[in-house]
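Just below is one structure, and these are the notes that go with it.
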Amino acid sequence: MPKQLPLALLLLRLGVFIVFLFWTLDKLVQPEHAAKVFTAFYGLGSLGESAFYAIGAAQLALILVFVAGLFKTWTYGAILVFHGVSTLAAFSKYLQPFDNLIFFAAWPMLAACAALFLLRDYDTLTLSRQPAPVLA
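First residue of the sequence shown: 1, per my numbering; consecutive thereafter.
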C-alpha cells in the first residue's frame, strides 16, 4: 500500500464530513430551510419540523461514526447512497448548466464518496481497530 494512501483517504473523509456536517446542521438549526429543500428536490413537503430534528439527529450520529472511520461498510455505504440520491435529485439543474454551476460540485464529491467506499479497507487512519489489509 502506498504510504500516502491512508492520509489521502483521511482527507477525503474529512472533506465529505464537512459538507455533510453543514447539511445536517441545516436540518437542526433551520428546519424551515431544510423543509424547502425537501419539498423542492424530494417532493416531501408535508414533513413537520420535528421530522427534520429527527432526521438531523440521525444524520449527525451517522456522520460522527463516519468521520471516526467506524463500521466502514455501513457508514461509508450510507454516505455514498445518501449523496448519490441527493446528486440525482438535482438532475433538472444539470440540464441548464450555466444557470446552476454550483450543483456540479456534487459530482466530484460523489466520486470522493465512491472512492472512500471502494478503498475503505485501506482507510486506516481511523478509530477502528481493524488492521490494514495485506497486499499480495
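The C-beta atom is built at its ideal place from N, Cα and C for all residues, glycine as well.
Assign residue i to buried or exposed, taking buried as 16 or more other Cβ atoms, counted over all protein chains shown, within 10 Å of its Cβ.
| i | result |
| --- | --- |
| HIS33 | exposed |
| LEU101 | exposed |
| PRO31 | buried |
| PHE192 | Because the chain here runs from 1 to 136, residue 192 falls outside it and cannot be looked at. |
| GLN59 | buried |
| ARG13 | buried |
Which first and last residues belong to the alpha helix (DSSP H) in which residue i is found?
| i | result |
| --- | --- |
| TYR122 | TYR122 -> no alpha helix (DSSP H), and no H or E assigned at all. |
| GLY77 | 72-89 |
| LEU12 | 5-29 |
Taking a contact to mean a Cβ-Cβ separation below 7 Å, would you say residue i touches residue j in this structure?
| i | j | result |
| --- | --- | --- |
| ASP121 | PRO133 | yes |
| GLY45 | LYS27 | no |
| LEU125 | PRO6 | yes |
| THR73 | VAL65 | no |
| LEU119 | LEU9 | yes |
| VAL19 | ALA112 | no |
| LEU127 | GLY84 | no |
| ALA78 | PHE41 | no |
Assign residue i to one of three DSSP states: helix, strand, or coil.
| i | result |
| --- | --- |
| PRO108 | helix |
| GLY69 | coil |
| GLY48 | coil |
| VAL134 | coil |
| PRO2 | coil |
| GLY43 | coil |
| LEU95 | coil |
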